[in-house]
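For reference, the structure discussed in these notes is given below.
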Amino acid sequence: MTLIAQITDLHIRPAGKKAYGIVDTEAMLRAAVASILAQPLRPDAVVASGDLTDCGLVEEYELLRDCLSPLPMPVYLIPGNHDRRETMRQVFGRDGYLPADGEHLHYTVEHLPLRLIGLDTVVPGKGHGEIDAPRLDWLKARLEEQPDRPTFVFMHHPPFPTGLQHMDSINCRNAEALAGLVRRHPNIERVVCGHHHRSIQIRWAGTIGSVAPSVAHQVVLDLMPHDDATFTMGPPGYHLHLWAPETGTITHTAFIGSFSGPHPFLLDPDYPAFDDKEAAPATHS
Ligand SMILES: [Fe+2]
Ligand SMILES: [Fe+2]
25 MTLIAQITDL HIRPAGKKAY GIVDTEAMLR AAVASILAQP LRPDAVVASG
75 DLTDCGLVEE YELLRDCLSP LPMPVYLIPG NHDRRETMRQ VFGRDGYLPA
125 DGEHLHYTVE HLPLRLIGLD TVVPGKGHGE IDAPRLDWLK ARLEEQPDRP
175 TFVFMHHPPF PTGLQHMDSI NCRNAEALAG LVRRHPNIER VVCGHHHRSI
225 QIRWAGTIGS VAPSVAHQVV LDLMPHDDAT FTMGPPGYHL HLWAPETGTI
275 THTAFIGSFS GPHPFLLDPD YPAFDDKEAA PATHS
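Counting from 25, one number per residue, gives the positions in the sequence shown under our numbering.
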């Protein structure tokens with residue numbers, strides 16, 4: 025069994041600065057870390073699928089490192105359009121999983137039952153992403169190494185439509201070629217992404233494509249065409265991906281915050297299965 029916590033779109037700013045003048049992204053990431061630490065089943069790893077910082081500044085990555093430091097499990101980062109590869113490497117390169125040279129910050133994680141492939145979709149200076157020929161070749165070679173092993177591909181820009189049309193215009197380009205490659209590898213459990221700041225799932229390329237909500241601000245849920253995206257301080261969250269050989273991957277959305285409960289299910293005598301002695305109380309939900 026493997027449990028992966030996926031956090032995304034952290035948009036960390038230098039200490040004391042809010043993103044867009046509104047979002048206290050440091051406090052929100054610290055709350056996300058506390059929520060992961062409070063999970064009864066502790067994740068084996070955390071992946072952060074891009075927009076780690078808002079501007080790619082060294083002080084933002086250093087603050088990010090500090091925010092993530094309470095996590096005892098490995099944390100794997102990939103860049104988004106708000107990141108800068110060179111400063112990310114400068115601050116996190118010593119962790120050992122990022123490639124020391126080469127243009128892209130791609131890598132695989134091999135020590136878990138579930139194989140993780142981090143894919144760098146960044147096009148410097150652009151909001152959209154891309155899987156160009158060199159990146160496609162790199163992924164193809166990695167997938168051909170272990171064609172039967174359950175695998176997660178995580179990347180920042182979704183290569184599939186989401187219905188948020190203003191966001192889809194800055195998706196991952198050359199997605200048709202990526203879909204063709206993914207379709208030839210049914211061992212891919214999920215293609216998990218960020219960038220859209222909402223929880224989204226789609227059947228795509230013979231697997232499941234998903235986007236995790238941001239641990240900070242959310243893109244407004246509006247499926248009508250728009251020129252501009254707007255954000256809301258709706259409930260932040262993250263995804264928990266639970267993989268086991270018998271079940272494959274099950275994905276849950278965890279919301280971050282203080283909520284009333286847990287409360288017991290005290291059954292009303294009028295409940296239709298009140299006399300069902302075979303069922304455990306906890307199943308009466
Ligand atoms: Fe973002
Ligand atoms: Fe993004």
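C-beta: ideal position from N, C-alpha, C; glycine also.
- CA-to-CA, the gap between Tyr44 and Asp252 works out to about 15 Å.
- Your pair Glu213 and Pro260 does not check out as a contact, with CB atoms roughly 25 Å apart and the cut at 8 Å.
- When the five nearest sequence neighbours on each side are left out, the beta carbons in the same chain lying within less than 6 Å of the beta carbon of Gly74 are those of Ile102, Pro103, Gly104, His180, Gly218, in order along the chain.
- With a cut-off of 8 Å on Cβ pairs, the segment 176-190 is in contact with the segment 198-213, counting three or more such pairs.
- When DSSP reads this structure, Trp228 sits in a beta bridge with Thr231.
- Relative to ligand 1, the beta carbon of Gly104 is positioned inside 7 Å of a heavy atom.
- Out of Leu61, Gly187, Thr111, the CA that lies nearest to the CA of Ser93 is found in Leu61.
- Given a length threshold of 4 residues, each whole run of the alpha helix (DSSP H) inside the segment 129-186 is given here in chain order: 157-169.
- Boundaries of the beta strand (DSSP E) around Leu27: 26-31.
- Less than 8 Å separates the beta-carbon of Val133 from that of Ala69.
- Following the DSSP letters along the chain, one finds Cys91 in no beta strand (DSSP E) but inside the alpha helix (DSSP H) bounded by residues 82-92.
- DSSP places Gly204 inside the alpha helix (DSSP H), whose first and last residues are 199-207.
- For His220, the CB contacts under 8 Å within the same chain, skipping 5 residues up- and downstream, are Pro182, Thr186, Leu188, Met191, Val235, Val243 in chain order.
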